[in-house]
Each structure stands twice: as C-alpha cells, then as structure tokens.
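Counting from 10, one number per residue, gives the positions in the sequence shown under my numbering.
We put the beta carbon where it would ideally sit given N, CA and C, even for glycine.
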Amino acid sequence: METRNWPPAGNREPTIVVYADLQSLEALTGIAARGGDILAQLFDYAILDGSDDTWAHALPTSTKRVSLEDLGRTLPSDSVFLVGGPLVSKRIDQLALAGYAHVYNLNEIAREMSAKLRLLVALAPGFAGSRVPAMLDPVGQTEPHHTLIEPHHLPLPSRLVFLVNSLPKSGSVWLCGMLEHVLDVSGSDRVRISHCADLVFDQNQPNLGGAVSLVRDMRDVVVSWFYDVAASDLRTGFERARYPDIASFYFECFVGLIGKSDRYFGGDLVGWIDRNCANYCPLIRYEDMVADPQRALTKVLNAWRIRVPEARVAAAVRAFEPFRLRKAGGPRDGYVGKMYRRGHLRNPGSGNWQNELPAEVLSDIERRFADYQQRLGYA
C-alpha cells in the first residue's frame, strides 16, 4: 500500500472509510445518527480486499469502493477508518503500517454487552463529569498508564498499544523490537516510540496498555545523536553533514533543541522523569538494559501486568542480539524494521563518550545537565 502525506485537514469534513463485515456493520448502523441520517450513508469509502466483500452490498451505491493497493493514491492521510470482522487485527496492522492513525475497532461495538453499556460507550466523547463510570474506566484515575483491568496473557487484545517514552538515542528502537517480539506483535504499529512530552498527550489514549520511560547518560546521548544526524543528512540530500563534528552539533543544534523545545519540556528533563515516575511508569536506564536486557524487559512486562513465560522473554532478547541481527539482516517488517534499515540499532554499549567527546562539550554537559545526570546516577 502506498501512502501520501496530505495537508492538515483544517475545518473540512473527515473522510470516513469502512473496512468491516456484515455483523460489525449492522452493530454500527444500529446507533441513530443526528438528524435521523442513516450512518451507512455517511461512509465515503469501503475497502475491498477480496477476502469476503459481500458485506459491502449493504452500503449505498454512493459509497465509493477502494482496494488496499489504492489507499495511498485515493485517501487522505487523515482519513478515519472503521474496521471490523474476524480479520480485524490484521486489518488494523495493515492500516497502521500504511501510515493511517485514525482507526476504530467496530468489533468493540458488535461484541455482547448490555444496551445501557453500549449507550454509555457511544456517549463517552461527551462526558462532562468529574469521574468516568467504573464500567468504562475500571482502573480509575490513579494509574493513567495502566489501562488493563487485570493481568493479561498472550495473545493480547488487538486494540492495545504500548509506548516507549524516551530521550532520543536511548535504545528505544531496541526495546521496541524486543517488546514486539515478546508480545507477538512483530511488524505492527502497536509498540510505538514517543519522546518526552509526547506522553502528556499519548497517555490519554483509551487503548493504551502501558508506557515505559527509557533514559541514557547524556554524554552518550550526544555522541549517538551526532552520528545519527550526520547519517540522516547524507541520506536525505544534503551534500555533506550540516554539523561536521560533535562540538558543532552540540553547541549549534543540541543545546537549543533540548533547552527550548516544548517536546523536551524546555530542558526540564528531571521534571519529565519525575512526572512519569509519579504516574507509575517504569524507568529503565539504557546502561542497565545493555548489562541485562532480559531483566529490563521483565521489569517492563511486570509493570504492565502482562504474564509472559520466561523462555519467551529470553527468546526476544536473543532475537535482538547485535550479532544475530547483523547475520539475519535485521527485522524485515514494521516500524522496527524500517528503523533498522535507516541505521538504528547500532552495537549497544555505554561509555563511548570517553573516547569521542571534546573537552569543551564534556564540561558543558556536566554543568548544563548536572541535575539530569545526578538524578539518574551518572554524575
């Protein structure tokens, strides 16, 4: 599937796309639309994939048909997808990998529940009280990163997504890869990377299964980030790297980016860490993950209350050993595979700064980021 990046939607009407089966379609059209409209008449497109397209006969002739192969050439990148049927997990993954982020699972509407609960689910966007009814939010407001009602075993519900919230160049792609493997969601978009303040918005996703904070010694972050930016420059059309050495990258880019960007809380990285810890988000140091990746992965799964056999955790760690990755050519599918092909997942290690950082950069890091380094035990 080819995707396109269209301009922001602005105030125009959303494009509604249905990709379902007859049962989930009937459950959806059973909800009355404002003004007496039949909901099916609001669908702009129906996706046909050749598996069982008989459900599309229930749609009005005004609903355009589109194949999976033509999505990127036909649909805006901000289209809203209503997905259902027995292949819902596969379909959601296909859309995520094609770059479409606005996806609803119609099977949640079609599943057995009381009429009153269906009503409350439909009304959820208009909730204006101080506490959501327990049946809709069984975990309450004390643990915003925990949306699982009880410990889960594999396979996980297909609606759940998980977030690795980190400072860039802290091993997030590596951890994502191990999590995809151990949760059996490889090649999907269900384990995602967010950076620092992104989590303020991401944590409000109703389908969030868990989040983890990933940190690293700032001295190694600078070194790794410099090499990543240099490689990205050459890959994206610059004649040469914009920052020829670590010192120019640090003083001309890094300091301003971290210190003034809202994404990094204007440089308040200790505040970022403390906010996450206050919300029961597990904290993983990159150096500890390098020393014992199985222990780090187990810590994350336990914090998310996901029960996975120890042998499966060990297998996920082995699958992402550097030598094994290089021999296999890296992951083939999904976000992690794409990042590997772009040069991420270099040899894991710590302390590279000792041979790479210029003295003036080291001195500035020790002064400017002293609180961060001390908070995490790097000073």
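> Leaving out the 5 sequence neighbours to the left and right, which residues in its chain are closer than 6 Å to A312 when beta-carbon positions are compared?
Replying inline: Excluding sequence neighbours, A312 sits near P291.
> With distances taken between CB atoms, is the gap from F235 to F258 smaller than 7 Å?
Replying inline: Taking 7 Å as the cut-off, the Cβ atoms of F235 and F258 count as close.
>> Three or more C-beta pairs under 8 Å: does that hold for the segment 180-199 against the segment 101-111?
In response: With three or more CB-CB distances shorter than 8 Å, the segment 180-199 counts as touching the segment 101-111.
> I think L306 touches V230, with their Cβ atoms under 8 Å apart; what is that distance to the nearest whole Å?
Replying inline: Actually they are not in contact, since the Cβ atoms of L306 and V230 sit about 21 Å apart, beyond 8 Å.
>> Please identify the residue among P95, C205, L129 whose C-alpha is closest to the C-alpha of Q32.
In response: Selection P95, C205, L129 evaluated against Q32 yields P95 as nearest (Cα-Cα).
> Is R316 near the ligand ZN, going by C-beta to nearest heavy atom under 6 Å?
Replying inline: In the structure on display, the ligand ZN does not appear, and there are no ligands present to speak of.
>> Just to confirm before moving on: does the CB-CB distance between I25 and L51 stay below 7 Å?
In response: For I25 and L51, yes; Cβs fall inside 7 Å.
> Buried or exposed: which applies to T72, given that a residue is buried once 16 or more other Cβ atoms fall within 10 Å of its Cβ?
Replying inline: Looking at its Cβ environment, which holds 16 or more other Cβ atoms inside 10 Å, T72 is buried.
> Since L115 and A36 are thought to touch, with beta carbons under 8 Å apart, how far apart are those beta carbons, to the nearest angstrom?
Replying inline: The pair is a contact, with the Cβ atoms about 7 Å apart (cut-off 8 Å).
> Nearest to D87 by alpha carbon, out of S241, Q383, V112?
Replying inline: Comparing Cα positions, the closest option is V112.
> In or out: C205 buried (at least 16 other Cβ within 10 Å) or exposed?
Replying inline: Residue environment: C205 is assigned as buried (16 or more neighbouring CB atoms within 10 Å of its CB, all protein chains considered).
>> Between which residues of its own chain and F171 is the CB-CB distance below 6 Å, once the five residues before and five after are set aside?
In response: Within the same chain, F171 has close Cβ partners V200, G218, G219.
> Taking C-alpha atoms, which residue in L176, G360, G81, V299 lies nearest to Y381?
Replying inline: Of the candidates L176, G360, G81, V299, the one whose C-alpha sits nearest the C-alpha of Y381 is L176.
>> Can you tell me whether A110 is buried or exposed? The criterion is at least 16 other CB atoms within 10 Å of its CB, across all chains shown.
In response: Result: exposed.
> Smallest Cα separation from D53: which of P85, D226, D30?
Replying inline: The shortest Cα separation from D53 among P85, D226, D30 belongs to P85.
> CB-CB under 6 Å to A41, same chain, minus the five flanking residues each way: which ones, in chain order?
Replying inline: Low local confidence applies: a pLDDT of 48 at A41 is under 50, so the model's placement there is unreliable, and no value is given.
>> So, at 8 Å on beta carbons, what are the nonlocal neighbours of V370 in its own chain, with the 5 sequence-adjacent residues on each side left out?
In response: Cβ neighbours of V370 beyond the five flanking positions: V231, I255, A256, Y259, F260.
>> Mapping the DSSP letters down to three states, classify G360 as helix, strand or coil.
In response: Correct three-state label for G360: coil.
> Excluding the five sequence neighbours on either side, which residues of its own chain have a C-beta within less than 6 Å of the C-beta of R100, listed in chain order?
Replying inline: Excluding residues within five positions, the ones whose Cβ falls inside 6 Å are Y28, V92.
> What's the C-alpha gap between F366 and G360?
Replying inline: Residue identity check: residue 366 is Leu in the sequence provided, not Phe. Near 10 Å, if we compare the C-alpha coordinates of G360 and L366.
>> Once the 5 residues before and after F247 are set aside, which same chain residues still bring their CB inside 6 Å of it?
In response: The beta carbon of F247 lies closer than 6 Å to none in the same chain, with the five residues before and after it left out.
>> Tell me the rounded alpha-carbon separation between R284 and R314.
In response: Rounded to whole angstroms, R284 to R314 spans 21 Å at the Cα level.
> If we count the other Cβ atoms within 10 Å of its Cβ and call it buried at 16 or more, is S372 buried or exposed?
Replying inline: Result: exposed.
>> Could you compute how far the alpha carbon of P164 sits from the alpha carbon of A324?
In response: Those two C-alpha atoms are separated by around 17 Å.
> Unbroken alpha helix (DSSP H) runs of length 4 or more, entirely within the segment 256-304: which are they?
Replying inline: Fully enclosed alpha helix (DSSP H) runs of no fewer than 4 residues occupy 264-269, 278-287, 295-300 of the segment 256-304, in order along the chain.
> Going along the chain, which residues of its own chain have a beta-carbon closer than 8 Å to the beta-carbon of T63, five neighbours each way excluded?
Replying inline: Result list for T63: L31, in chain order.
>> My output table needs one value for L371: the three-state DSSP class, helix, strand or coil.
In response: Under the three-state reduction of DSSP, L371 is assigned to helix.
> In chain order, what residues of the same chain lie with their CB nearer than 6 Å to the CB of A6, ignoring the 5 residues before and after it?
Replying inline: With the chain covering only 10 through 388, there is no way to say anything about residue 6.
>> Quick check on DSSP: helix, strand or coil for R201?
In response: Strand, per DSSP.
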